[in-house]
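J.: Be aware that the sequence shown starts at 6, since it is given in this note's numbering, and climbs by one per residue.
Where is the CB? At the ideal position from N, CA and C, for every residue including glycine.
This one's a predicted model, so the numbers in the text were calculated from it and none came from an experiment.
Please read through the structure below; I'll follow up with questions.
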Amino acid sequence: MAKDSAPATTPRPSRRERRGVQQEAAVAAAFELARREGVGGLTMRRLGEALNVDASTLYRLFRDKDELLLAVYDHATAIELDEIGEVNEGEHWQDTLRRIADRIWATAAQSPAIAALTFARTTGGPAERRMVELILDTFSRSGLSRSDTVRYYRAFVDAALGLAGQVATLATLDPEIQAKDASSWTRIYAQLPDGEYPTARAHITELTSIDRRAVFDVVIEAILAAAERESRESGL
Numbered sequence: 006m007a008k009d010s011a012p013a014t015t016p017r018p019s020r021r022e023r024r025g026v027q028q029e030a031a032v033a034a035a036f037e038l039a040r041r042e043g044v045g046g047l048t049m050r051r052l053g054e055a056l057n058v059d060a061s062t063l064y065r066l067f068r069d070k071d072e073l074l075l076a077v078y079d080h081a082t083a084i085e086l087d088e089i090g091e092v093n094e095g096e097h098w099q100d101t102l103r104r105i106a107d108r109i110w111a112t113a114a115q116s117p118a119i120a121a122l123t124f125a126r127t128t129g130g131p132a133e134r135r136m137v138e139l140i141l142d143t144f145s146r147s148g149l150s151r152s153d154t155v156r157y158y159r160a161f162v163d164a165a166l167g168l169a170g171q172v173a174t175l176a177t178l179d180p181e182i183q184a185k186d187a188s189s190w191t192r193i194y195a196q197l198p199d200g201e202y203p204t205a206r207a208h209i210t211e212l213t214s215i216d217r218r219a220v221f222d223v224v225i226e227a228i229l230a231a232a233e234r235e236s237r238e239s240g241l
């Protein structure tokens, strides 16, 4: 009679795998902490409390807070990519870029502390690498040359991140400072003398009513239109 075979054992995760899991948990917790408590809440001490570990443990997972911040931003980019989803073969390249721009704006609006701290940074992380590939590939589908593809890639990314980051930075200010800044057009510019500033006074209603998302959309559309025009001209 054959002996029963020994039950299969699940291999224990390696030290590197365990560290990776711990880092992912810390990044996800830091992301939620920053969304909930803002810039001031994202400290190693507060993150340690959220994870129920000593802050010194976090310094074994990340060299410093800056490395953690970049990982958190890469996590935000991964969420953007999930929300963008697959790009259908028939989707026009401009529509793909509009969806990407919309997700960049959404990150700044929904997670202003994260965007304000990191919008000008380069993470080099896996999500950022995928995003770079996606945007470059999308511009290359327009028919632009390689040099023009890179030029418009940079114009698009710098404009989208810069404008969204500006909004995020303003959102992290104290409420009274936000209100002071928002009232500048009616508090200062609407009171300018007509004789010295006739054009500003003539446009004051429009100046006080336009919102930042409208400006964002104008800039994105201008870049897409310029890229399309250049791709047509290069194909002649």
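(1) If you draw a straight line from the C-alpha of V162 to the C-alpha of V58, how long is it?
(2) If contacts are defined as beta-carbon pairs under 8 Å, then L52 and A34 qualify, I think. What distance do you get, rounded to the angstrom?
(3) How many angstroms separate the CA atom of A187 from the CA atom of E22?
(4) Would you mind stating whether H80 and V32 have Cβ atoms separated by less than 8 Å?
(5) Rounded to a whole number of angstroms, what is the C-alpha to C-alpha distance between A184 and E96?
(6) My output table needs one value for F124: the three-state DSSP class, helix, strand or coil.
(7) Just tell me which of G167, A195, E181 and L197 has its CA closest to the CA of V220.
(8) Given Q99, which residues of its chain have a CB within under 6 Å of its CB, disregarding the five upstream and five downstream residues?
(9) Using the C-alpha atoms, what's the distance from R50 back to Y194?
(10) Identify the continuous alpha helix (DSSP H) that holds Y78 and give its terminal residues.
(11) Kindly indicate the opening and closing residues of the alpha helix (DSSP H) around R135.
T.: According to the structure data:
(1) Numbered from its first residue, the sequence shown carries residue 162 at position 157. Numbered from its first residue, the sequence shown carries residue 58 at position 53. So the alpha carbons of these two residues sit roughly 37 Å apart.
(2) What you label residue 52 is simply residue 47 of the sequence shown in a count that begins at 1. What you label residue 34 is simply residue 29 of the sequence shown in a count that begins at 1. Indeed they touch by this definition, with Cβ atoms about 6 Å apart.
(3) Start at 1 with the first residue of the sequence shown, and residue 187 comes out as number 182. Start at 1 with the first residue of the sequence shown, and residue 22 comes out as number 17. Between A187 and E22, the C-alpha separation is close to 48 Å.
(4) Residue mapping note: residue 80 aligns to position 75 of the sequence shown, counting from 1. Residue mapping note: residue 32 aligns to position 27 of the sequence shown, counting from 1. Yes; because the gap between Cβ atoms is below 8 Å, this pair is in contact.
(5) Within the sequence shown, numbered from 1, the residue matching residue 184 stands at position 179. Within the sequence shown, numbered from 1, the residue matching residue 96 stands at position 91. In a straight line, the C-alpha of A184 is about 41 Å away from that of E96.
(6) Numbered from 1 along the sequence shown, position 119 holds the residue referred to as residue 124. Coil, per DSSP.
(7) Mapped onto the sequence shown, residue 220 falls at position 215. Comparing Cα positions, the closest option is G167.
(8) In the sequence shown, counting from the first residue as 1, residue 99 sits at position 94. Excluding sequence neighbours, Q99 sits near L229.
(9) Against the sequence shown, residue 194 aligns to sequence position 189. Against the sequence shown, residue 50 aligns to sequence position 45. About 44 Å.
(10) Indexing the sequence shown from 1 puts residue 78 at position 73. From DSSP, the alpha helix (DSSP H) with Y78 extends over K70 to I89.
(11) Translated into positions along the sequence shown, residue 135 becomes position 130. Its alpha helix (DSSP H) spans residues P131 to S145.
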